[in-house]
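Student:
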Amino acid sequence: MANDNFDKMNDQAEKLFMGPTRDYAKLAMDYAEKMIDAQMEAAKTYTDIGMQQARAALEVKDTEALKTYAEEQQKVAREMTERAKNDAEKVAAMNQDFVNEARKLVETNVKSASEAATKSTK
């Protein structure tokens, strides 16, 4: 009898606390991994562009090369603005996905807890 009660209590603790906690931790870790990957990708891209521009600046040797370099800088600035916008949209989408998944997780856990409470009162 005592073992049955203990087993039921462990089962309830698993369903109501430990399982949902593990599920949320997994969701949070997956989200963190995606965010870190996106940040690393963006950092590499921006670093590569910066290095390309620094090398291009070293090639400026006369006024014509300076003019070409300045024109290229305008193009790069537009591209960087577009990249930054795309990166921000990507992060916003990842944030929204995380919120949606967390909401689903909470709804599932609330439903499970409600069902468990209903069973225990009967």
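The UniProt record's numbering puts the first residue of the sequence shown at 1, with every later residue one more than the last.
Heads up, the beta-carbon is just placed ideally off N, CA and C, and yes, glycines get one too.
Source: prediction; values computed, not measured.
On the three-state DSSP scale, how would you describe E64?
Tutor: As a first step, residue 64 must be located in the sequence shown, where it is residue number 64. If DSSP states are grouped into helix, strand and coil, E64 belongs with the helices.
Student: With DSSP run on the structure shown, which of helix, strand or coil describes E33?
Tutor: If you number the sequence shown from 1, residue 33 lands on position 33. Three-state result, E33: helix.
Student: Thinking M94 and M40 are a contact (beta carbons under 8 Å), I'd like their distance in whole angstroms, please.
Tutor: Counted from its first residue, the sequence shown places residue 94 at position 94. Counted from its first residue, the sequence shown places residue 40 at position 40. At roughly 14 Å, the Cβ-Cβ gap does not stay under 8 Å, so M94 and M40 are not in contact.
Student: According to DSSP, is E59 part of a helix, a strand, or is it coil?
Tutor: For this step, residue 59 is matched to residue 59 along the sequence shown. Residue state, collapsed to three classes: coil.
Student: Report yes or no: do three or more beta-carbon pairs, one from the region 100 to 116 and one from the region 23 to 33, lie closer than 8 Å?
Tutor: Touching, yes.
Student: Taking contact to mean 3 or more Cβ pairs, one atom from each stretch, closer than 8 Å, check whether the region 72 to 81 and the region 47 to 54 are in contact.
Tutor: Yes: the two stretches touch, three or more of their Cβ pairs being nearer than 8 Å.
Student: Nearest-angstrom Cα distance between residue 134 and E89?
Tutor: Summary: the structure shown does not reach residue 134, with the chain confined to residues 1 through 122, and so no result is reported for it.
Student: If E71 sits next to A56, beta carbons under 8 Å apart, how far is it from one beta carbon to the other, in whole angstroms?
Tutor: Within the sequence shown, the letter at position 71 stands for residue 71. Within the sequence shown, the letter at position 56 stands for residue 56. Not a contact, Cβ separation roughly 11 Å.
Student: To which residues of the same chain is residue 126 closer than 7 Å at the C-beta, ignoring the five residues directly before and after it?
Tutor: Since the displayed the chain opens at 1 and closes at 122, residue 126 lies outside it and no answer follows.
Student: Alpha carbon to alpha carbon, what distance is there between T21 and Q12?
Tutor: In the sequence shown, counting from the first residue as 1, residue 12 sits at position 12. In the sequence shown, counting from the first residue as 1, residue 21 sits at position 21. Those two C-alpha atoms are separated by around 13 Å.
Student: In angstroms with no decimal places, state the Cα-to-Cα distance between R83 and V110.
Tutor: Taking the first residue of the sequence shown as position 1, residue 83 is located at position 83. Taking the first residue of the sequence shown as position 1, residue 110 is located at position 110. Cα to Cα, the separation comes out at about 40 Å.
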